[in-house]
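For reference, each letter of the sequence shown is one residue, going 7 to 375 in the numbering used here. All C-beta atoms in this analysis are idealised placements derived from N, C-alpha and C, irrespective of residue type, glycine included. Since the structure is predicted, the reported quantities are computational estimates derived from the model, not experimental observations.
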Amino acid sequence: MMLQQGIPLEREPFPRKSRDYKPPGPQSNKRLRVLGIETSCDETAAALFDSQTGLLGHAVHSQVELHAMYGGVVPELASRDHIKMLLPLIDEVLRVAAVDIDEIQGVAYTAGPGLIGALLVGAAVGRAFAWARQIPAIAVHHMEGHLLAPLLEPDPPTFPFLALLVSGGHTQLVRVDGIGAYAILGESVDDAAGEAFDKVAKMLDLGYPGGPAVAALAEQGWAEHYQFPRPMTAKPGLDFSFSGLKTHVAQVLRSVSGDGHQHRADIARAFQDAVVETLVIKCRRALQETHLSRLVVAGGVSANRALRAALSELAEEECCSLHFPRLEFCTDNAAMIAFAGCQRLLAGQQEPPVIQARPRWALDSLMPV
Ligand code: KG4
Ligand code: ZN
7 MMLQQGIPLE REPFPRKSRD YKPPGPQSNK RLRVLGIETS CDETAAALFD
57 SQTGLLGHAV HSQVELHAMY GGVVPELASR DHIKMLLPLI DEVLRVAAVD
107 IDEIQGVAYT AGPGLIGALL VGAAVGRAFA WARQIPAIAV HHMEGHLLAP
157 LLEPDPPTFP FLALLVSGGH TQLVRVDGIG AYAILGESVD DAAGEAFDKV
207 AKMLDLGYPG GPAVAALAEQ GWAEHYQFPR PMTAKPGLDF SFSGLKTHVA
257 QVLRSVSGDG HQHRADIARA FQDAVVETLV IKCRRALQET HLSRLVVAGG
307 VSANRALRAA LSELAEEECC SLHFPRLEFC TDNAAMIAFA GCQRLLAGQQ
357 EPPVIQARPR WALDSLMPV
């Protein structure tokens, strides 16, 4: 096997067909059991998805304790921990799902975007596993995994739909016409929404990981105390910018006296309200411009309770259906990777025996299914 990094980003070399594997067509009802692997950042995860019976099992190991003392993810420590945890996690998922290793017919692993060293662990294990067992493997785009996660739920949305992706690294509004048919309508020009939550958490001494801690503190804050800006909402367009909002928080913290608990809670509340309202305004605009009637929201920030409530109101007002992943599939997991990879393997896509990771990878360059 070759080890490659930073392969050109366009629509090759995925997918290709090997001589031995006869993929089922998209209409086929052939059963495919896929092992999913996720190691793009600070969670190691494995899952088993069966195209006929659904999710058979999944497990996530969080590295929060490992990185907490540094106030953020340390890439080298992340890679080393993935190496330590991934094989035991795969064993655990197989054991709990009572699935024999021989019954796995395909492997799906996150190949990007993410931390290069972390991605390479999942890519090496996933690709080597497939090579050793002579089964196909597919490299999955992490954000495609997030985007398709609501399709694991009992009442999945049909295509086309509008997707709001809000994670630690991305904030995007995407028109989704099918698997792999993605048009980016708008995205953050600087910090992602999750990143802004994490940076504000640091300013408020809430440590890492920041999003859930800011959300918890915001619940104790008064909405009336501060009104923070809703960035880029006055102008037309669907792009986002959250870095000015973060600077605004820093300025308020510096200039307004008061360092008690309530003061910090009020700031967290004003920040969260500003992010949520900004996301709602842009979603409303995108729904009205595209005339789509289904809205999917995914990625770590979609776990935020205030955002879920505000988007539910929006969906009612705009008469559209709203689809979230269940809470445990909002943040990083391998169930979404196994699911996304399974759809591509079912359509006959796979890749050659090459270990590759793509730290940067454009969502709209993917091959449609
Ligand atoms: O999707 P994800 O698990 O990883 C990436 O692909 O980046 O998203 C992680 C991000 C972090 O920035 C985290 O602070 C944020 O999602 N997050 C939240 C909440 N839960 C996670 N942000 C706000 N409220 C939450 N409840
Ligand atoms: Zn993610």
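How many Å lie between residue i and residue j at the Cα?
i: G175; j: D204; result: 11 angstroms
i: R300; j: P156; result: 12 angstroms
i: C326; j: V360; result: 43 angstroms
i: M342; j: G78; result: 24 angstroms
i: T164; j: D87; result: 38 angstroms
i: L372; j: R350; result: 11 angstroms
i: A52; j: A199; result: 26 angstroms
i: I96; j: P237; result: 43 angstroms
i: G151; j: V262; result: 42 angstroms
i: Q268; j: A312; result: 19 angstroms
i: A346; j: A280; result: 32 angstroms
i: G305; j: P235; result: 23 angstroms
i: L158; j: G60; result: 8 angstroms
i: A363; j: G118; result: 6 angstroms
i: I190; j: T177; result: 10 angstroms
i: A202; j: V180; result: 20 angstroms
i: M209; j: H254; result: 11 angstroms
i: T284; j: A222; result: 20 angstroms
i: L168; j: D370; result: 14 angstroms
i: G42; j: M75; result: 30 angstroms
i: E295; j: Q226; result: 36 angstroms
i: P32; j: H64; result: Only weak support is given to the placement of P32: the predicted model assigns it a pLDDT of 46, under 50, and the value that follows is read from those uncertain coordinates. About 25 angstroms.
i: F55; j: D265; result: 49 angstroms
i: M149; j: N339; result: 12 angstroms
i: L92; j: D197; result: 30 angstroms
i: E49; j: E98; result: 16 angstroms
i: V102; j: P94; result: 12 angstroms
i: T116; j: I144; result: 9 angstroms
Within a Cβ cutoff of 7 angstroms, which residues of the same chain sit near residue i, ignoring the five residues on either side of it in sequence?
i: Y232; result: V258, D272, I273, A276
i: V286; result: A316, L317, L320
i: E324; result: R290, L293
i: A309; result: L333, C336, T337
i: W367; result: L15, G118, P119, H147
i: H166; result: It is worth fixing the name first, because residue 166 is Pro in this sequence and not His. The residues are R181, V182, D183, L298.
Output the boundary residues of the beta strand (DSSP E) element that contains residue i.
i: G192; result: 187 to 193
i: D56; result: 49 to 56
i: L376; result: This structure cannot speak to residue 376, because the chain is shown only from 7 to 375.
i: L171; result: 167 to 172
i: A363; result: 360 to 363
i: Q233; result: Segment: none, Q233 is in no beta strand (DSSP E) and carries neither H nor E.
i: I43; result: 39 to 44
i: G184; result: 177 to 184
i: G118; result: 112 to 118
From what residue to what residue does the alpha helix (DSSP H) around residue i run?
i: A222; result: 217 to 224
i: D87; result: 81 to 103
i: G354; result: First-last for G354: undefined, no H or E at that position.
i: S318; result: 311 to 323
i: T253; result: 249 to 261
i: D197; result: From DSSP, D197 is part of no alpha helix (DSSP H); its letter is neither H nor E.
i: L369; result: Taken as a continuous stretch (DSSP letters only), L369 belongs to no alpha helix (DSSP H), as it is neither H nor E.
i: T296; result: 267 to 296
i: G132; result: 122 to 139
i: L422; result: Residue numbering for the chain in the displayed model covers 7 to 375; residue 422 lies beyond these limits and cannot be assessed.
Tell me, to the nearest whole angstrom, how far the beta carbon of residue i is from that of residue j; I am working on the premise that it is less than 8 angstroms.
i: I110; j: R39; result: 6 angstroms
i: H73; j: L83; result: 7 angstroms
i: A124; j: T45; result: 5 angstroms
i: V182; j: L153; result: 7 angstroms
i: V195; j: D245; result: 5 angstroms
i: A129; j: A344; result: 15 angstroms between Cβ atoms; not a contact.
i: K252; j: G192; result: The Cβ separation is near 19 angstroms, so there is no contact.
In chain order, what residues of the same chain have a beta carbon less than 8 angstroms from the beta carbon of residue i, not counting five sequence neighbours either side?
i: A207; result: G213, Y214, P215, G216, G217, A219, V220
i: P374; result: G184, I185, G186, A187
i: M7; result: Note on M7: pLDDT 42, under 50, position unreliable in the model; the coordinate value appears next. R133, A134, W137, P359, V360, I361, listed in sequence order.
i: D161; result: H329
i: L121; result: S46, C47, V79, P81, A84, S85, P365
i: S57; result: K36, R37, L38, R39, V40, C348, L352
i: Q69; result: D48, E49, T50, V79, L83, A84, D87
i: A256; result: M209
i: G243; result: G192
Going along the chain, which residues of its own chain have a beta-carbon closer than 6 angstroms to the beta-carbon of residue i, five neighbours each way excluded?
i: I89; result: V127
i: A224; result: A274, R275, Q278
i: V307; result: V172, A199, G200
i: Y27; result: Note that Y27 scores 38 on pLDDT, short of 50, meaning its location in the model is unreliable and no value can be drawn from it.
i: R270; result: L210
i: V282; result: A312, L313, A316
Strictly under 8 angstroms for the Cβ-Cβ distance: is residue i near chain D by that measure?
i: H269; result: Included in the structure is just one protein chain, with no chain D present.
Exercise for review: Tell me, please, whether the region 329 to 341 touches the region 355 to 367 by the rule of three or more beta-carbon pairs shorter than 8 angstroms.
Suggested key: no
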